[in-house]
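Residue numbers (the numbering used here): 34 to 169. Backbone N, C-alpha and C fix where the C-beta goes; we use that ideal spot for every residue, glycine too. Below is one structure, written out as structure tokens; comments come after it.
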């Protein structure tokens with residue numbers, strides 16, 4: 034088994050995390066995401082209060098995800114950005130999109146929540162795959 038590029042894993046995690054900051058910002062989908070959830074101003078304020086903890090946990094999750102994606106891409110022989118991105122898109126379709134869709138259906142959330150969240154997941158997985166594939 035090849036050694037894994039810790040720097041590439043960290044870069045992939047940081048970029049994916051930063052993309053989330055942009056994706057869920059007022060520049061892109063914050064208003065639509067809040068509206069789709071039906072959050073009140075009080076609920077939004079509570080979310081903001083808990084944000085530092087959520088950000089920390091999310092960043093650790095991104096590192097774990099990038100680490101596992103690196104292992105998978107290595108085993109699949111994805112050694113360039115294109116193959117890394119393509120395999121990551123397949124992983125998104127087979128796992129993230131399907132699990133997210135089922136969770137959305139059973140939680141009673143609006144479909145718009147699923148579209149916004151899964152769009153972000155597709156974006157960051159493809160970007161992670163491209164980064165990790167190019168550095169394998």
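With DSSP collapsed to three states, give me the class of residue i.
i	result
residue 61	coil
residue 168	coil
residue 38	coil
residue 87	helix
residue 112	coil
residue 128	helix
residue 73	coil
Out of curiosity, what's the CA-to-CA distance linking residue i and residue j?
i	j	result
residue 91	residue 72	21 Å
residue 132	residue 152	13 Å
residue 77	residue 59	13 Å
residue 118	residue 165	9 Å
residue 159	residue 75	35 Å
residue 55	residue 109	31 Å
residue 167	residue 156	17 Å
residue 100	residue 67	31 Å
residue 128	residue 98	13 Å
residue 34	residue 104	Low local confidence applies: a pLDDT of 45 at residue 34 is under 50, so the model's placement there is unreliable, with the coordinate-based value given in what follows. If you take the alpha carbons of residue 34 and residue 104, they lie about 9 Å apart.
residue 137	residue 83	22 Å
residue 85	residue 40	24 Å
residue 170	residue 88	No answer is possible for residue 170: the residues shown for the chain start at 34 and end at 169.
residue 112	residue 140	38 Å
residue 43	residue 107	16 Å
Give a yes or no on whether the C-beta atoms belonging to residue i and residue j are separated by under 8 Å.
i	j	result
residue 63	residue 143	no
residue 65	residue 145	yes
residue 51	residue 102	no
Does any CB atom of chain C fall closer than 8 Å to the CB of residue i?
i	result
residue 79	Any reference to chain C falls outside this structure, which holds one protein chain only.
Should the region 106-123 be regarded as contacting the region 40-59, the criterion being three or more beta carbon pairs within less than 8 Å?
With a cut-off of 8 Å, the region 40-59 and the region 106-123 do not count as touching, because too few Cβ pairs lie within range.
Contained beta strand (DSSP E) runs [length at least 3] in the region 138-169, N- to C-terminal order
none
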